[in-house]
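Residue numbers (the numbering used here), protein chains in the order written: chain A, 1 to 118; chain B, 119 to 272. By construction, the Cβ of each residue, glycine as well, lies at the ideal position given by its N, Cα and C atoms. On a predicted model such as this, the values are computed, not experimentally measured, just so you know. Structure first, commentary second.
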C-alpha cells in the first residue's frame, strides 16, 4: 500500500558547500526517531562552525515537535556562535507546525535556496 | 482488554484498532494508518487538514513514549480510530482514542506549553488542542491514561 509518503528512511539526503554556507538537505518525515539522527548531524556540522547553515527542507513531507525542537536547538547554537540558520522550502503541512507553535517568526525561512544564499 | 471508551451521544461504525509498542520506529506505522483511515472516512480532500490530524496523533503517541513510559520500551500503546456520528452536534467525526499503560497523572495537570516562551518542549499538548475539535484526557481504570480526540468531518 502506498500513500505518496516516504516511510522510514534516512532523512539526511546530503551535505554540500555553497560558498561560505553549508547546505544540509533533508527528505522524508522527521519524527521522534529521525530527530535524533538530525540532531547528530547538526552537531557534526557545527564542529566546523559554519557561518551560514542552510537546511533545505523542500523534500520534507512531515515534521513533528521533536523535529521542531531540534531546529530550535540548532537556532540557539547558531545565535550563541554568531552563525545564521536558514530554512528553505517548507511545504504548507510542515509550515503548519511552525505556525501552530508560533515559532515561524524566530526562523529565517525562504522559498528557495537561491534566496537563502543570496 | 478494557478500552474505557466513552460512547456519549455517539454511535460507532467504522473501527480500526492498532496495537504498537512504545518504540519510535513504529510511529510511521501509526501515521500511515491514520492517513488511510482519513481517506476512508472522507477527510482526504483537505490534505493540510489531514496532516494536522496526523500531527496531533503523532504528538500524542510521542508523549506516551516520552512521558507515560519514560522513553522507548516494548510496552503497548493502543490506538482506536472510529468514524462516529455525533448526533448531538449533527456531525460526522473521526474519533481517535489512545490508551497507554504507564504512569497516571491528573488530567487537569496536562497543559500545553506557554507559547510566550521560545522553547520547543511541551508543544505536543498545545498542538493536539489546536488541531482537534474535542480533546479529553482521562485516567484509565486500572493503570495508564486514555486520550480521546475527535475531529469533525462534516
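Buried versus exposed, by CB contacts within 10 Å (16 or more), residue i
i	result
residue 78 of chain A	buried
residue 254 of chain B	exposed
residue 261 of chain B	exposed
residue 170 of chain B	buried
residue 36 of chain A	exposed
residue 85 of chain A	buried
residue 125 of chain B	Any reading at residue 125 of chain B must be qualified, since the residue scores a pLDDT of 40, below 50, and its modelled position is unreliable; the value itself is stated next. Exposed, because fewer than 16 other Cβ atoms sit within 10 Å of the Cβ of residue 125 of chain B.
residue 114 of chain A	exposed
residue 33 of chain A	buried
residue 89 of chain A	buried
residue 111 of chain A	exposed
residue 199 of chain A	Within the shown structure, residues of chain A are numbered from 1 to 118, placing residue 199 of chain A beyond reach of any answer.
residue 223 of chain B	exposed
residue 64 of chain A	buried
residue 50 of chain A	buried
residue 189 of chain B	exposed
Test: residue i CB closer than 7 Å to a CB of chain A
i	result
residue 142 of chain B	yes
residue 206 of chain B	no
residue 196 of chain B	no
residue 121 of chain B	Because residue 121 of chain B carries a pLDDT of 45, less than 50, the predicted location of this residue cannot be relied on, and the following value inherits that uncertainty. It does not: the Cβ of residue 121 of chain B has no partner Cβ on chain A nearer than 7 Å.
residue 251 of chain B	no
residue 242 of chain B	yes
residue 248 of chain B	yes
residue 199 of chain B	no
residue 260 of chain B	no
residue 256 of chain B	no
residue 170 of chain B	yes
residue 210 of chain B	no
residue 145 of chain B	yes
residue 271 of chain B	no
residue 192 of chain B	no
residue 245 of chain B	yes
residue 224 of chain B	no
Near the ligand FMN: residue i beta-carbon under 6 Å from a heavy atom
i	result
residue 118 of chain A	What this structure holds is no ligand at all, so the ligand FMN is not there to describe.
Test item: CB-CB of residue i and residue j under 7 Å
i	j	result
residue 263 of chain B	residue 174 of chain B	no
residue 230 of chain B	residue 243 of chain B	yes
residue 159 of chain B	residue 201 of chain B	yes
residue 141 of chain B	residue 156 of chain B	no
residue 16 of chain A	residue 52 of chain A	no
residue 151 of chain B	residue 136 of chain B	yes
residue 177 of chain B	residue 246 of chain B	yes
residue 61 of chain A	residue 25 of chain A	no
residue 41 of chain A	residue 27 of chain A	no
residue 149 of chain B	residue 172 of chain B	yes
residue 100 of chain A	residue 248 of chain B	yes
residue 187 of chain B	residue 240 of chain B	no
residue 182 of chain B	residue 218 of chain B	yes
Integer Cβ distance of residue i from residue j, believed to fall under 8 Å
i	j	result
residue 91 of chain A	residue 54 of chain A	Rounded, the Cβ-Cβ distance is 17 Å, inconsistent with contact.
residue 43 of chain A	residue 94 of chain A	Going by Cβ atoms, the distance from residue 43 of chain A to residue 94 of chain A rounds to 22 Å, so no, they are not a contact pair.
residue 203 of chain B	residue 212 of chain B	Rounded, the Cβ-Cβ distance is 12 Å, inconsistent with contact.
residue 31 of chain A	residue 146 of chain B	7 Å
residue 117 of chain A	residue 18 of chain A	6 Å
residue 67 of chain A	residue 38 of chain A	7 Å
residue 133 of chain B	residue 198 of chain B	7 Å
Closer than 7 Å to chain B by CB, residue i
i	result
residue 64 of chain A	yes
residue 101 of chain A	yes
residue 95 of chain A	no
residue 92 of chain A	yes
residue 33 of chain A	yes
residue 17 of chain A	no
- Item | Segments of 3+ residues assigned as beta strand (DSSP E) that fall wholly inside the segment 183 to 221 of chain B | 194 to 204, 209 to 218
- Query: Curious, which full-length alpha helix (DSSP H) runs of at least 4 residues does the segment 13 to 69 of chain A contain?
  - Reply: 32 to 46
- Message: Could you tell me which whole alpha helix (DSSP H) segments of length 4 or greater appear in the segment 75 to 118 of chain A?
- Response: 92 to 100, 113 to 117
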